[in-house]
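Residues in the sequence shown are numbered consecutively from 54, following the working numbering. A virtual CB, placed ideally from N, CA and C, is assigned to each residue, including glycine.
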Amino acid sequence: QVQLVESGGGLVQPGGSLRLSCAASGIIFNIVSMAWYRQAPGKQRELVAVIASSTNYLDSVKGRFTISRDNAKKTAYLEMKSLKPEDTAVYYCNAEIRSTDLRLRDYWGQGTQVTVSS
């Protein structure tokens, strides 16, 4: 069974920085992509950043957020700088992972709260 475990959320002042981590564990043949989504209260979940053969970002975070991954550690990171109150949300890690049966499956982490407030 594959699990994604996120860490690094918390409370930060506007203009501050946080780094989120998402570690995958279990029986993994390869990780095709990893992504970060977020969901604010009363809003739909939205894709923040994704990394596969390239990276893509939500327009509102371009230039402030950076997604990266360490394939050896099966871990993705989201470096967030110049945080704004509107970045407040629960951040979820998502990964498309191929297991040893070669089937591609979608996995989600449990979510980590990011609160930007003075």
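Residue environment analysis places residue 77 among the buried positions, since at least 16 neighbouring C-beta atoms fall within 10 angstroms of its C-beta. Residue 140 sits in a helix when the DSSP states are folded into three classes. Annotation: residue 171 to residue 71 spans about 15 Å, alpha carbon to alpha carbon. For residue 136, same chain residues with a beta-carbon under 6 Å away, outside a window of 5 residues either side, are 65, 69 and 169 in chain order.
Ranking 67, 83, 61 and 60 by CA distance to the CA of residue 148 puts 83 first.
Assignment of residue 114 by DSSP, reduced to helix, strand and coil, places it in the helix class.
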